[in-house]
Amino acid sequence: MSQSGNVVYQRALQTLYEKSKYNYQCDERYIALAYNFLLYYETCDGCRALIEQIDDRVHRCESAFRASYFMTLTRACDAYHYYSQAESKNGALGGGLLHHNERDIVCPVMDYVSSSDPSKTPRFKDDIQKMHFMVETYLDTHKEKAFLSAMQEPARFYYNLCNNIVYRDHVNVHGLNGYLCIIEGSLGCKLPIVAMKDDPDVYKGCCNHWKGLTRNAWEEVFSKEENFGKQYEGMTGITNTSSDATMLRSNVHGQRKAETFLRNIRNGTDARYDKHANRFAFFFRKEFLVKKMFEFLNQSEEFRMVSSTLFDLYKTCVSIEDGEDILSWLYNNDDYILNIDRAETFFGWCGICVLDEASYDLMKYKPKNDENILFDVSTEPLGKRHTHKRFLSLHSVLPKRWRHDDLKK
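Quick note on numbering: the sequence shown equals residues 6 to 414 in the working numbering.
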């Protein structure tokens, strides 16, 4: 990466490595390994984007440095898992850390194959594992974008309206630790971003920003699909002029320590941030998540091949004409709009999401258990349900103290 000759980039990478030597929570050997993974597996644009984020943090305070450290390790591991999968097929380097994907997945596909033709089990098991791996990778990205749209960017926008430039620029350094704890404490969801719960400066960039912003800020800007995962400066509906001030309701104060959020929310003693969790969960409704996920994954040739193979088997369990392919079945209208209910049912068939009883009646088999289900898109609160352990717990359904209709508020 540093071969680009860019002195700024070289200094950022060197600073991250040197600081890792003297921080008891870090290890410079991990950074060196991460650099090698990124150099070999990540794209040039991906490396450049990461280094820019490192350069923005590593020269600042201790919390910002640690954020850049964990961010680098996470990106390196993701790049290794993603790119080495293709190489492992050809016997090249990589594949050694992909053992997590060699798990037995219990789902209608595997139940059906094992009962009808056990000889085909290895073939379809491989396809299911590929699909789950691709979905898991997407879910990490989706969670990060939901965090930006519900937490980080609204907070930055709020501080900008208040002319508090210092706190605005610390939302993604200190403030995010508080917001991460709100999500974990309220929904049991952990993001790929590591929360530093002992950050004493979390108040610099973390506050009840949805109390300070008007309802129009959510309905007309941050909840819009076209703005999902963007920085507020590039969102539709924000002009970056004085007219944006109409979305400012009041000035609110920040909080002192991230760990306090987590403890109070888990104990049910702080309901001030229910709206924050509500709006994070908004992006995990069936109508939003299933659509975004399928449209993104369908851009991959490998996903199209796997889904086509599994769909041929799916047709034997559902009343679908033999000559119909998956795209014509999912986009069964003149406007070429994805049929969300059909996509949900197909993902349920593949063990990706939890379905209701009516959807299962369309298929002849239920999974024996749901411990491998990645997320829950049903419309009723089902209590605590977690994603695969590698990605920790992700609730797409709010706890029972919230009504599902509140997601739109």
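The beta-carbon is built from N, C-alpha and C at its ideal position, and this holds for glycine as well.
Check: Per-residue burial, residue 30 [other beta carbons within 10 Å of its own, 16 or more giving buried]; Outcome: exposed
Check: Beta strand (DSSP E) runs wholly inside the segment 207–247, at least 3 long, in chain order; Outcome: none
Check: Three-state secondary structure assigned by DSSP to residue 49; Outcome: helix
Check: Among 217, 209, 134, 141, nearest to residue 170 - alpha-carbon criterion; Outcome: 209
Check: Backbone CA spacing between residue 20 and residue 247 [nearest angstrom]; Outcome: 39 Å
Check: In DSSP terms, what residue 253 is bridged to; Outcome: 218
Check: Residue 60 beta carbon less than 7 Å from that of residue 17; Outcome: yes
Check: Under the three-state DSSP convention, the category residue 161 falls into; Outcome: helix
Check: Simplified DSSP assignment, three categories, for residue 136; Outcome: helix
Check: Neighbour-count burial assignment, residue 26, 16 or more Cβ in a 10 Å radius; Outcome: exposed
Check: Cα-Cα separation, residue 162 to residue 173; Outcome: 8 Å
Check: Nearest residue (CA-CA) to residue 264, options 38, 130, 186, 324; Outcome: 186
Check: Between the CA atoms of residue 79 and residue 353 - distance to the nearest angstrom; Outcome: 29 Å
Check: Span of the alpha helix (DSSP H) around residue 15; Outcome: 12–26
Check: Outcome for residue 342 when other beta-carbon atoms lying within 10 angstroms are tallied against a minimum of 16; Outcome: exposed
Check: Backbone secondary structure at residue 276 - three-state DSSP; Outcome: coil
Check: Beta-carbon proximity of residue 84 to residue 42, cut-off 7 Å; Outcome: yes
Check: Simplified DSSP assignment, three categories, for residue 205; Outcome: coil
Check: Inter-residue CB distance, residue 335 and residue 347 (contact presumed, cutoff 8 Å); Outcome: 5 Å
Check: 8 Å Cβ shell around residue 254 - same chain, five flanking residues per side excluded; Outcome: 216, 217, 218, 219
Check: Beta-carbon contacts of residue 228 that lie in its chain and below 8 Å, excluding the five residues immediately before and after; Outcome: 154, 284, 287
Check: DSSP state of residue 111 mapped onto helix, strand, coil; Outcome: coil
Check: Whole-angstrom distance between residue 128 and residue 120, CA atom to CA atom; Outcome: 15 Å
Check: N-terminal and C-terminal residue of the alpha helix (DSSP H) that residue 1 is part of; Outcome: The chain is shown from 6 up to 414; residue 1 falls before or after that span and cannot be answered.
Check: Residues of its chain near residue 159, where Cβ-Cβ distance is below 6 Å and the 5 sequence neighbours each way are ignored; Outcome: 214, 227
Check: Residue 133 and residue 111 closer than 7 Å at C-beta; Outcome: no
Check: Per-residue DSSP class, three states only, for residue 324; Outcome: coil
Check: Residue of 74, 44, 46 minimising C-alpha distance to residue 58; Outcome: 74
Check: Between the CA atoms of residue 326 and residue 34 - distance to the nearest angstrom; Outcome: 56 Å
Check: Simplified DSSP assignment, three categories, for residue 127; Outcome: helix
Check: Distance between residue 117 and residue 65 (C-alpha atoms, nearest Å); Outcome: 55 Å
Check: Of the residues 276, 355, 131, 233, the one placed nearest residue 322, counting alpha carbons only; Outcome: 355
Check: Residue 317 versus residue 176 - alpha carbon distance; Outcome: 48 Å
Check: Nearest neighbour of residue 38, chosen from 55, 62, 67, 82 [CA to CA]; Outcome: 82
Check: Residue nearest to residue 144 in terms of C-alpha spacing, selected from 191, 196, 135; Outcome: 196
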